[in-house]
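Please read the structure below before turning to the comments.
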Amino acid sequence: MKKVDHIGIAVQSIEKVLPFYTETLGLSLLEIEEVQSEKVKVAFIDGGNIKLELLEPLDESSAIASFLSKKGEGIHHVAFGVAGIQERIQELQEKGVRMIHEQPKPGAGGAEVAFLHPKSAHGVLYELCDKTNIKGE
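Under the numbering used here, the first residue of the sequence shown is numbered 204, with each subsequent residue one higher.
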């Protein structure tokens, strides 16, 4: 693991919560995009030494929609920046970690991502986020 890349925060509506981050807290919006593979709309906020990723479900079959219905808005996951995501997945599996994704999936900003199952991580949902193939990262 290289560093904490971002913290994912589940929200009902990016449009409704964005003013809290940009106006109330004075943070900068970096970008908004849709990640079809995860059925979410994401907004990245510059939190100084870390990014915040606001996650809004695009439809009711999204994992974020399920999370919101069970737990409400709040912290969803912590993402670690990695290089060689497939190798990191294999290393974790060899150490007995259960993965939600055994193969990387497309994530926001062109990253490759995979999630560890929270039951293997003491109740925390962790994401592996590989941006090594993204220009400028």
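Ideal placement from N, C-alpha and C gives every residue a C-beta, glycine not left out.
query	result
Taking C-alpha atoms, which residue in V245, P307, Q215 and Q289 lies nearest to F270?	Q215
Which stretch, first to last residue, makes up the alpha helix (DSSP H) that contains K219?	I217 to P222
If we ignore side chains and look at the alpha-carbon of each, how far apart do I164 and N336 end up?	Nothing about residue 164 can be read from this structure; the chain reaches only from 204 to 340.
With which residues is G284 paired in a DSSP beta bridge?	K206 and C332
Tell me the residue span of the alpha helix (DSSP H) that contains K274.	A266 to K274
Between the Cα of Q289 and the Cα atoms of V316, K244, P222 and H280, which residue gives the shortest distance?	V316
Helix, strand or coil for K322, going by three-state DSSP, please let me know.	helix
Is it the case that the stretch 214-230 contacts the stretch 282-300, given that we only count it when at least three CB pairs across the two stretches are under 8 Å?	no
Can you name, in chain order, every residue of its own chain whose Cβ lies under 7 Å from the Cβ of E305, other than the five neighbours on each side?	I292
If you reduce the DSSP assignment to three classes, tell me which class G313 lands in.	helix
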